[in-house]
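Q:
Number of protein chains: 2
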Amino acid sequence: MKKTKDILENNGINPSYQRLIIYKYLKENQIHPSIDRIYNDLKNTNPTLSKTTVYNTVKLFCEKDLLLRLHCDDKQMRYDINTHDHMHFKCTKCGKLYDINLENNLFDYDYIDNHKINYVHIGLKGICKNCLSDKKD
Amino acid sequence: MKKTKDILENNGINPSYQRLIIYKYLKENQIHPSIDRIYNDLKNTNPTLSKTTVYNTVKLFCEKDLLLRLHCDDKQMRYDINTHDHMHFKCTKCGKLYDINLENNLFDYDYIDNHKINYVHIGLKGICKNCLSDKKD
DNA sequence: TTGCATAACTGTAAAAATTACAAAAATATT
DNA sequence: AATATTTTTGTAATTTTTACAGTTATGCAA
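Order-wise, the sequence lines are chains A and B.
If you count by my numbering, then the first sequence holds residues 95 to 231, one letter each, in order.
If you count by my numbering, then the second sequence holds residues 95 to 231, one letter each, in order.
1. Does any residue of chain A have a CB that is nearer than 8 Å to the CB of residue 206 of chain B?
2. Expressed to the nearest angstrom, what Euclidean distance is found between the alpha-carbon atoms of residue 159 of chain B and residue 99 of chain A?
3. Could you tell me the distance, in whole angstroms, from the CA atom of residue 143 of chain A to the CA atom of residue 103 of chain A?
4. Alpha helix (DSSP H) containing residue 156 of chain A: first to last residue?
5. What residues match up with residue 181 of chain A in a beta bridge as DSSP calls it?
6. So, is the C-beta of residue 63 of chain B closer than 8 Å to a C-beta in chain A?
7. Going by DSSP, what residues sit across from residue 173 of chain A in a beta bridge?
8. Counting Cβ pairs, one atom from each stretch, are 3 or more of them under 8 Å apart for the stretch 126-136 of chain B and the stretch 218-229 of chain A?
9. 8 Å is my cut-off, CB to CB: does residue 192 of chain A come that close to chain B?
10. When you compare the CB positions of residue 220 of chain A and residue 194 of chain B, do they come within less than 8 Å of one another, or not?
11. In whole angstroms, what separates the C-alpha of residue 217 of chain A from that of residue 149 of chain B?
12. Excluding the 5 residues flanking residue 145 of chain B on each side, which residues of the same chain have their C-beta closer than 6 Å to its C-beta?
13. Who pairs with residue 128 of chain B in a beta bridge, going by DSSP?
14. Check whether chain B comes within 8 Å of residue 183 of chain A, counting only Cβ atoms and requiring the distance to be less than that.
15. So what's residue 216 of chain B in DSSP terms, helix, strand or just coil?
16. Can you tell me which of the three DSSP states residue 261 of chain A falls into?
17. Name the chain A residues whose beta carbon is nearer than 7 Å to that of residue 226 of chain B?
18. If you compare alpha carbons, which of B/191, B/151, B/186 is closest to residue 164 of chain B?
19. Sorted by chain position, which residues of the same chain lie with C-beta nearer than 7 Å to residue 119 of chain A's C-beta, five sequence neighbours on each side aside?
20. Helix, strand or coil for residue 187 of chain B, going by three-state DSSP, please let me know.
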């Protein structure tokens, strides 16, 4: 288990107290949280934390490729610390967001139409298994 | 060539003047425009058009599946009238958004992990061919 | 045609998310 | 210890989107 401090330092990030607790929160709560969610969950134990710091820190993590920006269909941006290849499934009924593993390398193109491909995101939408089993309508 | 009026009516939309010009604009300008772009381009010829009407109309088209909401990495939502299966490629250098055709049916799963799949979006990022050929740095 | 009911449009105001910024606090350096 | 640099904080400003209420347009019956 790598130390959070080392992870940040290896990625060129000065491991301040706020950066450490935010990174740890993201690792321990892989729920694709929004800024607001991160802020509200952390301010209980860290009353002096500022929402601007959360914005700044999350932006920094994204720039260093430690964190991924996730567009749900919500208004708020959400963030994903899971760095393994995976897809996202959003239930259009209950709104829950699921991680789906990418077994086979569906996408290992280096180039498509002469564009260099660096990153692929696959987003799925539909009705999740829980909503399907609720045969209430 | 189908008449815009018929397309709207066939989808249960009352073809008002504003809805017609907005639909025609989207068909003739497949540039994934934002609300702002649509509004600004149309208000030249339609000075009384309200931005709220653009919001309302675009929302209606999306609900009727005539139009797709597209999350770029910009702040503004963008909209896509191209209803054929295709992917999107965003150049992280110049910011341009390209349509990429989906030749093979990469994704024809009905269910994954017992979730019913209704819609798939594949988003690619990288450096586009134009930026690649600009060997200026 | 006239009057009435419904639908659509408009513009302003409000809400929500994000960014800018400057002062304060913490940390590092000389 | 004094100074310089980095980080954090809180407020204000900006931006996008939504709510809403009044106005205008449209459809329909008498």
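Virtual Cβ for every residue (Gly too), placed ideally from N, Cα, C.
A: This is what the structure gives:
1. Taking the first residue of the second sequence as position 1, residue 206 of chain B is located at position 112. Yes, contact with chain A.
2. The count along the second sequence starts at 1 and reaches residue 159 of chain B at position 65. The count along the first sequence starts at 1 and reaches residue 99 of chain A at position 5. The straight-line gap from Cα to Cα measures roughly 48 Å.
3. As a first step, residue 143 of chain A must be located in the first sequence, where it is residue number 49. As a first step, residue 103 of chain A must be located in the first sequence, where it is residue number 9. Computed Cα separation, rounded: 22 Å.
4. Here residue 156 of chain A refers to the residue found at position 62 of the first sequence. Run containing residue 156 of chain A: 145-157, per the alpha helix (DSSP H) assignment.
5. In the first sequence, residue 181 of chain A corresponds to position 87, counting from 1. Answer is A/194.
6. As shown, chain B starts at 95 and ends at 231. That puts residue 63 of chain B outside it, with no answer to give.
7. To locate residue 173 of chain A, count along the first sequence from 1; it is residue 79. DSSP output for residue 173 of chain A lists A/163 as bridge partner(s).
8. no
9. Locating residue 192 of chain A in the first sequence gives position 98, where the first residue counts as 1. Yes - at least one Cβ of chain B is within 8 Å of the one on residue 192 of chain A.
10. As a position in the first sequence, residue 220 of chain A is number 126, starting the count at 1. As a position in the second sequence, residue 194 of chain B is number 100, starting the count at 1. Against a cut-off of 8 Å, the Cβ pair of residue 194 of chain B and residue 220 of chain A comes out as no contact.
11. On the first sequence, position 123 is the one that residue 217 of chain A refers to. On the second sequence, position 55 is the one that residue 149 of chain B refers to. About 24 Å.
12. Here residue 145 of chain B corresponds to residue number 51 of the second sequence, with the count starting at 1. 133, listed in sequence order.
13. For the purposes of this step, residue 128 of chain B is taken as the residue at position 34 of the second sequence. According to DSSP, residue 128 of chain B bridges with B/172.
14. Sequence index remark: in the first sequence, residue 183 of chain A carries index 89 (1-based). For residue 183 of chain A, the answer is yes, since a Cβ of chain B falls inside 8 Å of its Cβ.
15. To locate residue 216 of chain B, count along the second sequence from 1; it is residue 122. Three-state DSSP puts residue 216 of chain B in a strand.
16. The displayed coordinates of chain A run from 95 to 231. Any statement about residue 261 of chain A would go beyond what the structure contains.
17. To locate residue 226 of chain B, count along the second sequence from 1; it is residue 132. Under the 7 Å cutoff, chain A gives 210.
18. Counted from its first residue, the second sequence places residue 164 of chain B at position 70. Residue B/191 is the option with its Cα nearest to residue 164 of chain B.
19. The count along the first sequence starts at 1 and reaches residue 119 of chain A at position 25. Closer than 7 Å at Cβ, skipping near neighbours: 132, 135, 136.
20. Walking along the second sequence from the start, residue 187 of chain B turns up at place 93. Reduced to three states, the DSSP call for residue 187 of chain B is coil.
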